[in-house]
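Going by numbering that gives the first Met the number 0, 430 is the number at position 431 of the sequence shown; the sequence numbering is gapless.
Working notes, beginning with the structure itself.
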Amino acid sequence: MSDGKVGAVINISSNALFLIIGECKAGKIKILESLEYPLSIGRDTFNTGRVSQEKIEKTCKIIKGFKKLTREYKVASLRTVATTAVREAINRDYLLDQIVGKTRTKVRVLDDSEEKGIIYREMLSEMSRNEELQKNKALIAYIGTGSLGVAWYKRGRLYSTQNIKLGSLKLTELLGELQSKTNRFHQIVEDYLSSFKEMIPKSSPFGKIDHFVVCGQEIEIIASLCATSAGTEITQIPIAKLDELYDNLKSKTPSEVAQMYGIDEEMAEILLPSLGIYRLLASFTRSKYIYASRVTLQDALLKEILLTREAKKRLESFREDIIQCARTLGKRFFFDEEHGNRVVRNAMAIFQKLKTPYGLDENDALILKVASLVHDIGKYVNFTEHYRRSYELIRGSNLPGVSQADLETIALISLFHSNLVPSESDPALGLLSMEQRVRVSKLAGILRLADALDRSHSEKIDVMKVRMKDNEISLTIHSREDILLEEWAFNSKARLFEEAFGLKVNLKKKVNPVES
């Protein structure tokens with residue numbers, strides 16, 4: 000967006016609605032308005048599974064007020080999103096429909112991985128400006144009111160992520176009825192969290208972790224209660240002070256905590272579970288400090304709206320984090336990484352020639368790269384019909400910033416890299432639109448050819464050139480070895496590609512790699 004333009008974000012979170020309005024000037028954002036309206040939609044969702052009509056009407060009223068303010072500021076671009084409380088509500092369709100009908104506002108409900116991806120991109124940008132963090136390993140956590148995201152970081156890149164349905168408010172609601180029955184509620188929280196003590200470290204792709212970096216709605220209050228002054232970006236909180244704060248409030252009621260620290264009772268209720276989560280995660284590192292980031296979802300989205308060029312660069316860089324996380328997923332199932340790399344290289348050579356004429360984009364390229372890396376991970380479970388096991392394992396994983404729909408596409412491409420024929424009658428494809436089914440077939444068709452060129456997993460072939468003319472695409476390859484197996488695999492796997500693209504595919508072998 001050009002200088003002088005105004006953008007805004009409305010975030011419907013689990014315990015409040017947020018509005019942020021900003022203006023871009025000289026490549027920097029000036030915040031014009033930042034509002035928070037407490038409304039605990041999450042209490043409804045996490046207790047009853049649905050948002051009450053009373054809170055739906057309240058939500059619509061707040062959004063109307065927010066939109067009136069955006070008109071006063073002449074906002075050119077408004078983005079409205081919702082997270083866990085709306086995402087998990089049984090009646091979310093009715094809630095979203097009423098918001099559209101009563102406020103003329105379309106809400107995008109972010110997938111868990113999408114939400115975490117937006118936050119991680121912004122956190123990585125902050126961490127890149129901190130020399131101590133950038134050169135070491137770190138455990139990164141985004142602790143929301145309704146969910147928890149954990150990521151493993153090393154020297155500027157994410158290596159693995161986990162999304163856990165455990166947030167400060169969700170934990171409070173889950174265990175809340177026990178609070179009145181004991182004066183040792185903190186012990187119940189600790190016992191509940193102890194179930195994660197083995198699971199989280201087992202997900203780590205590397206050994207000792209140097210630092211612990213967090214962001215979340217409660218972190219600023221926790222920093223102030225620990226008598227730590229907030230920095231412009233990342234604040235250091237001594238873990239000893241965090242432990243001291245926990246010890247001071249663990250035996251007190253929310254009312255006593257609210258009175259003691261001068262905070263509202265709703266925040267006091269979720270403070271103990273929040274501290275419990277922070278302390279648990281900190282125990283997996285050898286850090287003496289919590290590095291607290293002030294990143295919020297609405298701040299990150301506002302930057303995407305107003306600083307489009309910078310946001311595009313971050314997204315391009317973050318795609319490499321997704322690829323690295325895909326490699327970590329593959330290693331978890333002992334995949335042939337060199338084969339995966341060769342399939343990626345082959346697939347991209349074909350993809351780049353088809354990209355423009357067939358309207359494929361960078362997201363399609365990312366999906367194809369990930370599928371090319373992990374399409375064989377099902378062999379870890381069973382060599383027989385391994386592609387079905389790959390499909391199941393990929394669907395059950397998570398990759399930061401990859402939506403559930405895109406993860407499903409990656410899984411489907413991996414399923415159909417075999418000789419299975421994609422069909423509308425297939426249960427795996429039944430819920431997709433015609434356009435989505437064709438997209439899966441096109442990308443799976445490319446993967447089949449790319450995989451066939453390394454059928455023996457022995458790097459016999461180099462793809463020298465890909466040419467497309469009229470209704471034909473030709474791959475010129477070089478090899479000094481017998482490639483009868485690869486040629487057979489290529490020809491037997493070409494049909495899906497030819498039908499999906501309407502192109503005849505030819506393989507041309509060049510004896511000398513130097514072009515004449």
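We treat Cβ as the ideally placed atom computed from N, Cα and C, and that holds for glycine.
Asked: Judging by CA-CA distance, which residue of Asn-14, Glu-32, Ala-15 is the nearest neighbour of Leu-301?; Found: Glu-32
Asked: Do we get a CB-CB distance below 8 Å when we pair Arg-86 with the residues of chain B?; Found: This model lacks chain B altogether, as it is built from one protein chain only.
Asked: Is DSSP giving Glu-526 helix, strand or coil here?; Found: With the chain running from 0 to 515 in the structure shown, residue 526 is simply not present.
Asked: Looking at the secondary structure, which residues open and close the alpha helix (DSSP H) in which Pro-253 lies?; Found: 253–260
Asked: Kindly indicate which three-state DSSP category Gly-41 falls into: helix, strand or coil?; Found: helix
Asked: Among Ile-289, Asp-263, Asn-340, Glu-189, which has the Cα closest to the Cα of Asp-209?; Found: Ile-289
Asked: If we ignore side chains and look at the alpha-carbon of each, how far apart do Ala-404 and Glu-114 end up?; Found: 14 Å
Asked: Comparing alpha-carbon positions, which option in Ile-393, Asn-490, Phe-17, Thr-355 lies nearest Ile-366?; Found: Ile-393
Asked: Given a threshold of 16 other Cβ atoms within 10 Å of its Cβ, counted over all protein chains shown, does Phe-382 qualify as buried or as exposed?; Found: exposed
Asked: Work out the CA separation of Gly-26 and Ser-124 for me, nearest whole Å.; Found: 16 Å
Asked: Tell me, please, whether the region 156–163 touches the region 254–265 by the rule of three or more beta-carbon pairs shorter than 8 Å.; Found: no
Asked: What residue range is occupied by the uninterrupted alpha helix (DSSP H) comprising Ser-491?; Found: 483–500
Asked: Nearest by alpha-carbon distance to Ser-292: which of Val-212, Gly-100, Arg-438, Lys-207 is it?; Found: Val-212
Asked: Please confirm if the region 3–16 is in contact with the region 28–47, defined as three or more CB-CB distances below 8 Å between the two stretches.; Found: yes
Asked: So, using beta-carbon positions, are Leu-328 and Ser-396 closer together than 8 Å?; Found: yes
Asked: When you compare each of Ile-19, Ala-222, Gly-41, Cys-59 to Glu-35 by their alpha carbons, which one comes out closest?; Found: Ile-19
Asked: Spatial neighbours of Val-106 within its chain, please: C-beta separation below 6 Å, excluding the five flanking residues on both sides.; Found: Thr-79, Ala-81, Leu-95, Ile-98
Asked: Would you list the residues sitting across from Tyr-141 in a DSSP beta bridge?; Found: Gly-148, Cys-214
Asked: Between the Cα of Leu-428 and the Cα atoms of Ser-440, Asn-418, Ser-417, which residue gives the shortest distance?; Found: Ser-440
Asked: Given a cut-off of 8 Å on the beta-carbon distance, is the pair Pro-421 and Ala-443 in contact?; Found: yes
Asked: If I'm right that Leu-244 touches Leu-138 with Cβ under 8 Å, what's the distance once you round it to whole angstroms?; Found: Actually they do not touch by this definition, with Cβ atoms about 20 Å apart.
Asked: With respect to the alpha helix (DSSP H) encompassing Cys-59, which residues constitute its N-terminal and C-terminal limits?; Found: 52–71
Asked: Does the distance from the C-beta atom of Asp-401 to that of Ser-112 stay below 8 Å?; Found: Here the sequence assigns Val to residue 401, which means Asp is not the residue at that position. It is a contact, given that the beta carbons lie within the stated cut-off.
Asked: At which residue ranges does the region 237–306 contain complete beta strand (DSSP E) runs of 3 or more residues, listed in the order of the chain?; Found: 288–292
Asked: At what residue ranges does the region 304–386 contain a whole run of the beta strand (DSSP E), taking only runs of 3 or more?; Found: none
Asked: Considering only DSSP beta bridges, list what Lys-201 is partnered with.; Found: In the DSSP output, where bridge partners are listed per residue, Lys-201 has none listed.
Asked: Rounded to the nearest angstrom, how far is the Cβ of Ile-476 from that of Asp-461, given a contact under 8 Å?; Found: 6 Å
Asked: Would you kindly check if the distance between the Cβ of Gly-175 and the Cβ of Gly-143 is under 8 Å?; Found: no
Asked: Using a Cβ-Cβ cutoff of less than 6 Å, which residues in the same chain neighbour Glu-514 once the five nearest sequence positions on both sides are dropped?; Found: Note that Glu-514 scores a pLDDT of 45, beneath 50, so its modelled location is shaky; the value from the coordinates is reported in the next line. None.
Asked: Could you please give the first and the last residue of the uninterrupted beta strand (DSSP E) stretch that includes Arg-438?; Found: Per DSSP, Arg-438 belongs to no beta strand (DSSP E); it is in the alpha helix (DSSP H), 433–451.
Asked: Pull up the CB-CB distance for Pro-253 and Ala-267, whole angstroms please, since I reckon it's below 8 Å.; Found: 4 Å
Asked: When DSSP labels each residue in this structure, what does Gln-186 get in the three-state scheme?; Found: helix
Asked: Going by alpha carbons, who is nearest to Leu-474 out of Leu-502, Leu-484, Thr-171, Val-373?; Found: Leu-502
Asked: Put Ser-12 into one of helix, strand or coil per three-state DSSP.; Found: coil
Asked: Does DSSP classify Ala-7 as helix, strand or coil?; Found: strand
Asked: If we count the other Cβ atoms within 10 Å of its Cβ and call it buried at 16 or more, is Ala-226 buried or exposed?; Found: exposed
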